[in-house]
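Heads up: the sequence lines are chains Y and W, in that order.
Count the first sequence with our numbering and you get residues 114 to 389, in order.
Count the second sequence with our numbering and you get residues 114 to 389, in order.
The C-beta atom is built at its ideal place from N, Cα and C for all residues, glycine as well.
Here the structure is a predicted model, which means the values were calculated and not measured.
Heads up: the structure comes next, in structure tokens.
2 protein chains.
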Amino acid sequence: MTRIQPTRFVFQPVQLVRPCEVVAYRITEAIRAGDVKVGERLPSEQSLSVQLGVSRPTLREAVKLLVHAGVVQVLPGSSGGIFVTSESIPPELCGFPLPDLPLEDIDSVMEARRLFEPHVARLAAIYATPADFERMRDAVRLSTETCAKFKNKKISDDGAQRMTIASTRFNIAVARATQNSMVVQMMEVMLRRMEVVRTLAVRQLPDISQSTKTLSDSLRAIESGDPAQIDAATAARIGLLESAWEMAAGKRLRRRSILQASAVAAGSKKTSAKTT
Amino acid sequence: MTRIQPTRFVFQPVQLVRPCEVVAYRITEAIRAGDVKVGERLPSEQSLSVQLGVSRPTLREAVKLLVHAGVVQVLPGSSGGIFVTSESIPPELCGFPLPDLPLEDIDSVMEARRLFEPHVARLAAIYATPADFERMRDAVRLSTETCAKFKNKKISDDGAQRMTIASTRFNIAVARATQNSMVVQMMEVMLRRMEVVRTLAVRQLPDISQSTKTLSDSLRAIESGDPAQIDAATAARIGLLESAWEMAAGKRLRRRSILQASAVAAGSKKTSAKTT
DNA sequence: TAAAATTTGTACGTATGTATC
DNA sequence: CGATACATACGTACAAATTTT
Numbered sequence: 114m115t116r117i118q119p120t121r122f123v124f125q126p127v128q129l130v131r132p133c134e135v136v137a138y139r140i141t142e143a144i145r146a147g148d149v150k151v152g153e154r155l156p157s158e159q160s161l162s163v164q165l166g167v168s169r170p171t172l173r174e175a176v177k178l179l180v181h182a183g184v185v186q187v188l189p190g191s192s193g194g195i196f197v198t199s200e201s202i203p204p205e206l207c208g209f210p211l212p213d214l215p216l217e218d219i220d221s222v223m224e225a226r227r228l229f230e231p232h233v234a235r236l237a238a239i240y241a242t243p244a245d246f247e248r249m250r251d252a253v254r255l256s257t258e259t260c261a262k263f264k265n266k267k268i269s270d271d272g273a274q275r276m277t278i279a280s281t282r283f284n285i286a287v288a289r290a291t292q293n294s295m296v297v298q299m300m301e302v303m304l305r306r307m308e309v310v311r312t313l314a315v316r317q318l319p320d321i322s323q324s325t326k327t328l329s330d331s332l333r334a335i336e337s338g339d340p341a342q343i344d345a346a347t348a349a350r351i352g353l354l355e356s357a358w359e360m361a362a363g364k365r366l367r368r369r370s371i372l373q374a375s376a377v378a379a380g381s382k383k384t385s386a387k388t389t
Numbered sequence: 114m115t116r117i118q119p120t121r122f123v124f125q126p127v128q129l130v131r132p133c134e135v136v137a138y139r140i141t142e143a144i145r146a147g148d149v150k151v152g153e154r155l156p157s158e159q160s161l162s163v164q165l166g167v168s169r170p171t172l173r174e175a176v177k178l179l180v181h182a183g184v185v186q187v188l189p190g191s192s193g194g195i196f197v198t199s200e201s202i203p204p205e206l207c208g209f210p211l212p213d214l215p216l217e218d219i220d221s222v223m224e225a226r227r228l229f230e231p232h233v234a235r236l237a238a239i240y241a242t243p244a245d246f247e248r249m250r251d252a253v254r255l256s257t258e259t260c261a262k263f264k265n266k267k268i269s270d271d272g273a274q275r276m277t278i279a280s281t282r283f284n285i286a287v288a289r290a291t292q293n294s295m296v297v298q299m300m301e302v303m304l305r306r307m308e309v310v311r312t313l314a315v316r317q318l319p320d321i322s323q324s325t326k327t328l329s330d331s332l333r334a335i336e337s338g339d340p341a342q343i344d345a346a347t348a349a350r351i352g353l354l355e356s357a358w359e360m361a362a363g364k365r366l367r368r369r370s371i372l373q374a375s376a377v378a379a380g381s382k383k384t385s386a387k388t389t
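Okay, structure coming up:
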């Protein structure tokens, strides 16, 4: 009898996550989304550990990670607690729940973004509540203010980070506006991967006010509810980051042109297909 | 001095995952995708533990989970090994890497699917390799054969499972055809959530051959490369599951009509917008 | 018939991290 | 906040089973 050959399939290594890392990640999610701002205080250790369903030592371990990353500060005493000191999250705290993807091919993330984000924005326009619009405006405001501060000066590290935060926060706000938890989860995964690109790319922009403009244009488009406007504004916003990334990386995104071309072709073909 | 109020934001409990659970999940992924078929043997424990980057005891723990779930069978000896015994994965093994989402609102998943899947299919049409098409054909074949077996009979439990497996496998094949790991990961998340719906819904179909037809139509559309055809076929495929689910659940999906209406409106507006 | 090779099965010591008090 | 107890995963080594040579 011939020996049954084992499968030629190869598995990718698993990435293990410790509870305290998951907890730290969850807290950074809230900070990234702008749910807690710089200077504000998080709930007490007691309260947090209950909310997150872990023991207090585990939560303390998580906080230690955040302190070490410079994201929060812990003060003792009766009016003390865990205070947010920075809204930019170091990449070390971003890589946990999404293994499997080689960091090199940022192409996949960019392409996926171009594929999904316009439709997320369209859906957001349908379901956004006043609170959602307020979050979006908040993000745009942050971007505008940061931009004004560096009007005629070179952008500083801190300024670049703020611009990144504003963009990320805007994206999260849009995703949440869909009122669809599945969509939010998927966008979260993509945004984490994009953050690194963002900080690297924003320094390459000849004029950071462009970034602010794409944000406010997107906001106006979503408020208008017109799909064509939304698509155009979203495409412009994505395109800006892509260009900046290409300059920073010194090479073109492999698939950028193909996807854009197909999108255009599909648009014109859609209406003419039946006539042939 | 007034006390700084802690944030009113509430955190969701974290869900801890053990390494053996992650490993078990990863193996089921390969089975679900059809990389290993029933009766075939997986690599040896030694090889698997190296590939997956875990110790052999941990891998054995994972295998134990799979054996208990009836997915694999372990035989000792020189020609022994880990053999696949079933291609339908119990839901217990499906829920690990995706916490946070209440199982009830299947609406979110369906809506997200309708939002993303057509564009994934379009991209697949651009990048699919012969191997990808072979995987798709494989899935269609399974569906066709199962369908033929229950030509004039009522569908059995086993038959319903096979139809589910075929649909899932087709979807994974399409996602992989995009050659975009980000897209694959996102689709994986969605498909896991959909599986439960699939098995429940497929029994409600008055004629299961409809399901097979939507698959082969989608395959033909992707082979043709015509975006309009792809959109139509994908919409039909999604629509069938949605209808079946509505019958099974006894209520309409909340947002189904809204999303479809907006998609149509956007399609017609897109081409006429610039002419005004 | 017997020995060799391959693969699963079992066990122990260590280290790390989490939970309880 | 600290200390102790417990659970879990790892690495290694060896034993048992079965087929091939």
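Annotated three-state conformation of Phe-124(Y) is coil, per DSSP. Along the region 269 to 297 of chain Y, the positions whose C-beta sits under 7 Å from a C-beta of chain W are Asn-293, Ser-294, Met-295 and Val-296, read in chain order. Secondary structure at Gln-292(W): coil, using DSSP grouped into helix, strand and coil.
Between Met-303(W) and Met-295(Y), the beta carbon gap of about 7 Å places them in contact (Cβ cut-off 8 Å). Gly-166(Y) sits in coil when the DSSP states are folded into three classes, being neither helix nor strand. Against chain Y, the CB of Gly-166(W) has a partner CB under 9 Å away; the residue lies at that interface. For the region 233 to 256 of chain Y, residues whose beta-carbon sits nearer than 9 Å to a beta-carbon of chain W comprise Val-233, Arg-235, Leu-236, Ala-238, Ile-239 and Tyr-240. Judged by beta-carbon spacing, Ile-202(W) lies within the 9 Å limit of Arg-145(W), meaning their Cβ atoms are closer than that value. Per DSSP, Leu-155(W) lies in no alpha helix (DSSP H) segment and is marked neither H nor E. For Phe-196(Y), the enclosing beta strand (DSSP E) covers residues 194 to 197. When the five nearest sequence neighbours on each side are left out, the beta carbons in the same chain lying within less than 7 Å of the beta carbon of Thr-259(W) are those of Gly-272, Arg-275, Met-276 and Ala-279, in order along the chain. Taking one beta carbon from each stretch, the region 125 to 137 of chain W and the region 171 to 180 of chain W have 3 or more pairs nearer than 8 Å; the two touch.
Residues of chain W with a Cβ closer than 8 Å to the Cβ of Leu-161(Y) are, in chain order, Phe-124. Contact between the region 332 to 340 of chain Y and the region 228 to 248 of chain Y is present: three or more C-beta pairs spanning the two stretches fall below 8 Å. Closest in C-alpha terms to Phe-124(W), from the list Trp-358(Y), Val-287(Y), Arg-154(Y) and Val-163(Y), comes Val-163(Y). For Leu-206(W), the closest of Leu-155(W), Arg-316(W) and Ala-175(W) by C-alpha to C-alpha distance is Ala-175(W). Within chain Y, the C-beta atoms nearer than 7 Å to that of Phe-229(W) come from Phe-229, in chain order. Chain W has no Cβ within less than 9 Å of the Cβ of Ala-346(Y).
Residues of the same chain with a CB within less than 6 Å of the CB of Trp-358(W), apart from the 5 flanking positions on each side, are Val-310 and Ala-314 in chain order.
At least one CB of chain Y lies nearer than 9 Å to the CB of Arg-306(W).
For Ile-351(Y), the closest C-alpha among the options Pro-231(Y), Gly-193(Y) and Lys-177(Y) is that of Pro-231(Y). Using a 10 angstroms sphere on the CB of Thr-141(W), the tally of other CB atoms reaches 16 or more, which defines it as buried. Its chain contains Val-287, Ala-288, Thr-291, Val-296 and Met-300 as the residues whose beta carbon lies nearer than 7 Å to that of Val-233(Y), once the 5 sequence neighbours on both sides are disregarded; these appear in chain order.
Note that the C-beta distance between Val-151(Y) and Glu-200(Y) is below 9 Å.
Residue burial annotation: Ala-261(Y) is exposed, with fewer than 16 other C-beta atoms found within 10 angstroms of its C-beta.
For Val-185(Y), the enclosing beta strand (DSSP E) covers residues 185 to 188.
A straight line joining the alpha-carbon of Gln-298(W) with that of Asp-251(W) spans about 21 Å. Taking 9 Å as the CB threshold, Pro-132(W) lines the interface with chain Y. Burial is judged here by how many other beta carbons sit within 10 angstroms of a residue's own beta carbon; Arg-367(W) has fewer than 16 and is exposed.
Asp-344(W) is classed as buried because its beta carbon has at least 16 other beta carbons within 10 Å across all chains shown.
In this structure, the beta-carbon distance from Pro-132(Y) to Val-127(W) falls below 9 Å.
Within chain Y, the C-beta atoms nearer than 9 Å to that of Glu-224(W) come from Leu-236, Thr-291, Asn-293, Met-295 and Val-296, in chain order. Residue contact check for Ile-202(W) against chain Y: no CB pair falls below 9 Å. Apart from the 5 residues on each side of it in sequence, Asp-330(Y) sits with its Cβ closer than 7 Å to the Cβ of Ala-346 and Ala-349 in its chain, given in chain order. Listed by position along chain W, the residues whose Cβ is nearer than 8 Å to that of Ser-221(Y) are Asn-293, Ser-294, Met-295 and Val-296.
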